[in-house]
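Residue numbers (my numbering): 1 to 462. Some notes on the structure that comes next.
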Amino acid sequence: MWILAQRDPITGMPEGFGGVQWKDVTNIHPLALTAVLVLGIAILVLSRRWAVLPMFILVCFVSSVQKIVVFGMDFNLLRIMVLFAVARLLLRSEWRSFVWKPIDTAVTLWVISSIFIHTMQQGTASAFVNRLGFGFDAFGMYFVFRCLIRDFEDLDRTILGCILVSIPVALAFLVENRTGRNAFSVFGGVPAITIVREGRLRCQGAFSHAILAGCFWASLIPLFAARWWKSGNGKIWAITGLVTCSIIIICCASSTPVFAAICVLVGGAMFFLRRHMRIVRWGIVVTLISLHMVMKASVWHLISRVSAVGGSTGWHRYYLIDRAIAHFGEWWLLGTKSTLHWGQGLFDITNQYILEGVLGGALTLGFFLLVIMLAFGGVGRLWRKTAANPYYLALSWALGVSLFVHCMNFIGVSYFGQIYMIWYLVLAMIGSLTPTSRIMVKKIVPSVPRPAQKNLLRETVR
């Protein structure tokens, strides 16, 4: 059975993929240093609607192990970009438009819980420093994106920028697929010779792992597809984005991104049942419970039978879930220091939900699920408030589909490296666009006729 490399017990990062071997080591390439300085200046000078693009470019072309260590604290280049973004917000007073919402509270509780519970569990200063790094990433990226993306026009520009970046990324993946050589290995953290499994090259570019590279771009498919409903050349850009994402996912040769793409199709199809989603959700719950009662094995055993690409480790993912449930009494309060004794290979926690529980107990996992629940609730309010504008309606639903893709990814992989950026970006987009007042409704649906706006305002107040 193929599994990821062994993880550091504190960081949870796999060795050789931006983890143990790069810990507490300054690793900065002249090209990477030049890139972060140029892109950092770009964040400061670009208009707000394009300000997210430099960070997106960095994560797509520079590996996450490029960093500077200061007094034992790792500042990877993405964290340095966050500092540039914070400086921009302060210099331009762009933080003043920020409106606190329930999802912001949930994100804050999730991060604080993870920091303190994991520190209590490990009882070491290094664990506290590590969790502070996690908190810096989560708070920094999430709230920066919340301040920079305020309305649908900001979202539209961000998506267009991502499509433009996807073109050279797809070309780089094609080159890697044809040559078996990863040009981004010059930065470290990724292998120079592309990994082969079951006769397939698992291309990863600058990303921390081939699975995460595919999941990263799969989560953007619904947002790219939404531009089909934008007037003008929207259809051209939508097709471009779908083609580039498909190329990248195929080159990754991993089951999880393929299933993520299938989830995009399922989520898109649910648009036609959008007014009956409560029935759909309860139907799924009842179906799973019924299957669990009639099956000889547990219902989550179905995961072991799923494979889209040869060499898939579905059984490992099933066994991890099964053992986590069996050992609930061990980790529910403060998490657990190790899962090695759960079973063979289970030091590799390829499930984000379980990882949240292992690092921070049931409380942290609960807050993490609360973030997801509030995000879905926000999407539900958003598409109802934008029903009169086809493009905004498509974008609203696409945000929900992207969130759904991440939630399904969490079953098959735990996040590390660059993919966290796109996770926080999706949460921030939803948080910023979710209407909570008259001002928000007028801002996000400016093209709605006055009579329709009155109806929307009446629903919002209600």
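Where is the CB? At the ideal position from N, CA and C, for every residue including glycine.
What is the rounded straight-line gap between the Cα of residue i and the Cα of residue j?
| i | j | result |
| --- | --- | --- |
| I167 | T336 | 42 Å |
| S338 | L359 | 10 Å |
| F466 | L265 | Coverage of the chain is limited to positions 1 through 462, which leaves residue 466 absent and any answer about it impossible. |
| A218 | A127 | 32 Å |
| R281 | R384 | 18 Å |
| I43 | Q344 | 46 Å |
| A261 | Q66 | 30 Å |
| Q453 | D104 | Bear in mind that a pLDDT of 48 at Q453, under 50, signals an unreliable position, so the number given afterwards is only what the model happens to contain. The alpha-carbon atoms of Q453 and D104 are separated by roughly 27 Å. |
| L510 | R79 | Here the chain has residues from 1 to 462 only, and residue 510 is not among them. |
| A388 | L382 | 12 Å |
| I430 | G378 | 7 Å |
| G232 | V401 | 24 Å |
| F317 | T179 | Checking the sequence, you will find Arg at residue 317 rather than Phe. Between R317 and T179, the C-alpha separation is close to 31 Å. |
| M293 | T287 | 10 Å |
| C252 | R200 | 9 Å |
| L334 | A125 | 17 Å |
Between the options, which has its C-alpha nearest residue i's C-alpha?
| i | options | result |
| --- | --- | --- |
| L465 | V129, A172, Q121 and F187 | The chain is shown only over 1 to 462; residue 465 falls outside these bounds and no answer can be derived. |
| L469 | I117, I28 and M73 | The structure shown has nothing for residue 469, since the chain only spans 1 to 462. |
| T244 | S231, S126, I325 and A172 | A172 |
| V52 | L160, F271 and V405 | L160 |
| V542 | F259, C60, N389 and W383 | Not covered by the structure: residue 542. The range shown for the chain is 1 to 462. |
| I163 | W50, T194 and V405 | W50 |
| Q352 | L320, A428 and H341 | L320 |
| Q204 | L220, R227, V175 and L425 | V175 |
| A375 | E356, W423 and P390 | W423 |
| T434 | V258, R178 and G380 | G380 |
| A428 | I411, A269 and L403 | L403 |
| M73 | S63, G135, I112 and L39 | G135 |
| E330 | I239, G357, H29 and T436 | G357 |
| L37 | V25, S47 and L58 | L58 |
Kindly indicate which three-state DSSP category residue i falls into: helix, strand or coil?
| i | result |
| --- | --- |
| G376 | Gly is not the amino acid found at residue 376; the sequence shown has Phe there. Reduced to three states, the DSSP call for F376 is helix. |
| M295 | coil |
| F134 | helix |
| I195 | coil |
| K235 | helix |
| L31 | helix |
| W342 | helix |
| H327 | coil |
| D474 | As displayed, the chain neither begins before 1 nor continues past 462, which places residue 474 out of reach and without an answer. |
| A253 | coil |
| D348 | coil |
| G188 | coil |
| M440 | Confidence at M440 is low in this model, with a pLDDT of 45, below 50, so the placement of that residue is unreliable and no value is reported for it. |
| W228 | helix |
| A387 | coil |
Under the DSSP definition of a beta bridge, which residues are partnered with residue i?
| i | result |
| --- | --- |
| D74 | V69 |
| R181 | I193 |
| L201 | V196 |
Can you check whether the C-beta of residue i is within less than 9 Å of a C-beta belonging to chain B?
| i | result |
| --- | --- |
| C251 | The structure shown contains no chain B; it is built from a single protein chain. |
Tell me, please, whether the segment 93–112 touches the segment 134–150 by the rule of three or more beta-carbon pairs shorter than 8 Å.
yes
Does the pairing of the segment 129–141 with the segment 394–414 give three or more beta-carbon distances under 8 Å?
no
Using 8 Å as the cut-off, can you tell me whether the segment 296–304 makes contact with the segment 264–278, which would need three or more C-beta pairs spanning the two stretches below that distance?
no
Any 3 or more C-beta pairs closer than 8 Å across the segment 205–221 and the segment 414–428
yes
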